[in-house]
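Asks: The structure that follows is given in the form of C-alpha cells.
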Amino acid sequence: MNALGRHIIAEIYGCDAEILNDREKIEKIMVDAALAAGAEVREVAFHKFSPLGVSGVVVISESHLTIHTWPELGYAAVDVFTCGDHINPWDACNYMTEKFGATHITATEVKRGLFDQPVQVKVSSL
Numbered sequence: 001m002n003a004l005g006r007h008i009i010a011e012i013y014g015c016d017a018e019i020l021n022d023r024e025k026i027e028k029i030m031v032d033a034a035l036a037a038g039a040e041v042r043e044v045a046f047h048k049f050s051p052l053g054v055s056g057v058v059v060i061s062e063s064h065l066t067i068h069t070w071p072e073l074g075y076a077a078v079d080v081f082t083c084g085d086h087i088n089p090w091d092a093c094n095y096m097t098e099k100f101g102a103t104h105i106t107a108t109e110v111k112r113g114l115f116d117q118p119v120q121v122k123v124s125s126l
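The following block contains the structure:
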C-alpha cells in the first residue's frame with residue numbers, strides 16, 4: 001500500500017427525513033456501519049440541532065465516520081476515513097446509504113498520506 005488511508009466523501013440524497021432527524025437512529029446506523037465494515041469503535045459523539053438536523057462522529061481505531069444531515073432536504077453529507085488496508089470504507093458507506101433509505105449517492109474516494117514507496121508503519125516511542 002502506498003497510502004496511509006482511504007477517505008470516502010459521500011453526498012447521500014433521497015434519504016428518509018425522519019431517520020435523518022433522529023440522533024439515536026443516526027448514531028446506531030453509523031456505529032453499526034463501522035462494525036459491519038470490521039472497524040473497532042472507540043468513541044461516539046452526536047448532536048441534534050433544533051429544529052432539524054444531526055451531526056456526529058464515530059471514532060474508530062482506523063480513523064472516523066462523520067455525518068451532517070439536512071432532513072428537510074433528505075440529504076446527508078458523510079465522510080468515512082479508514083487507515084490501513086484491512087477495512088473497506090465503501091462497506092460502511094454503502095451500509096449507511098441503505099439504512100438511510102437513500103435514492104441516490106455520489107461519492108469520491110481520496111487516498112490519504114500518499115508515499116512513493118509502500119508504507120510500513122513502525123511503532124516506537126516518540
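Our numbering puts the first residue of the sequence shown at 1, with every later residue one more than the last.
Cβ atoms here follow ideal geometry from the backbone N, Cα and C, with glycine treated the same way.
Run through DSSP, which three-state label would A36 get?
Replies: In the sequence shown, residue 36 corresponds to position 36, counting from 1. Looking at A36 - three-state DSSP - the assignment turns out to be helix.
Asks: Look at the Cβ atom of E72, then the Cβ atom of V59, and state whether they are nearer than 8 Å.
Replies: Working through the sequence shown from its first residue, we reach residue 72 at position 72. Working through the sequence shown from its first residue, we reach residue 59 at position 59. Against a cut-off of 8 Å, the Cβ pair of V59 and E72 comes out as no contact.
Asks: Starting from T82, follow the beta strand (DSSP E) in both directions and report where the run begins and ends.
Replies: The residue you call residue 82 lines up with position 82 of the sequence shown. Note, T82: beta strand (DSSP E), 75–83.
Asks: Span of the beta strand (DSSP E) holding E109?
Replies: Along the sequence shown, one-based indexing puts residue 109 at 109. Unbroken beta strand (DSSP E) run through E109: 104–114.
Asks: Okay, do the region 32–43 and the region 113–120 touch, 3+ Cβ pairs below 8 Å being the bar?
Replies: The answer is no - the region 113–120 does not touch the region 32–43, with fewer than three Cβ pairs under 8 Å.
Asks: Please give me, in chain order, every unbroken run of the beta strand (DSSP E) with length at least 3 that falls completely inside the region 13–71.
Replies: Segments of the beta strand (DSSP E) lying fully in the region 13–71: 41–48, 54–60, 63–70.
Asks: Using the C-alpha atoms, what's the distance from T66 back to M21?
Replies: Residue numbering aside, residue 21 sits at position 21 when the sequence shown is read from its first letter. Residue numbering aside, residue 66 sits at position 66 when the sequence shown is read from its first letter. Met is not the amino acid found at residue 21; the sequence shown has Asn there. Their backbone Cα atoms lie some 15 Å apart in a straight line.
Asks: Could you pull the start and end residues of the alpha helix (DSSP H) that N94 belongs to?
Replies: Here residue 94 is taken as the residue at index 94 of the sequence shown, counted from 1. Looking at the DSSP string, the run of the alpha helix (DSSP H) that includes N94 is 89–99.
Asks: On the three-state DSSP scale, how would you describe H86?
Replies: Position 86 of the sequence shown, counting from 1, holds the residue named residue 86. Looking at H86 - three-state DSSP - the assignment turns out to be coil, as it is neither helix nor strand.
Asks: Quick one: residues in its chain with C-beta nearer than 7 Å to the C-beta of K111, no 5 flanking neighbours on either side, listed in chain order?
Replies: Residue 111 sits at position 111 when you count from the first residue of the sequence shown. So the qualifying residues of the chain are A3, R6.
Asks: Taking C-alpha atoms, which residue in E62, G74, I26 lies nearest to A56?
Replies: Counted from its first residue, the sequence shown places residue 56 at position 56. Just to set this straight, residue 56 is Gly in the shown sequence, not Ala. Of the candidates E62, G74, I26, the one whose C-alpha sits nearest the C-alpha of G56 is I26.
Asks: Closest by CA to G84, which one among S63, V54, I29, F49?
Replies: For the purposes of this step, residue 84 is identified with residue 84 of the sequence shown, where counting begins at 1. Taking only the C-alpha atoms, the option nearest G84 is S63.
Asks: From Y75 to H47, what distance separates their C-alpha atoms?
Replies: By one-based count along the sequence shown, residue 75 stands at place 75. By one-based count along the sequence shown, residue 47 stands at place 47. Taking the straight line from one Cα to the other gives about 17 Å.
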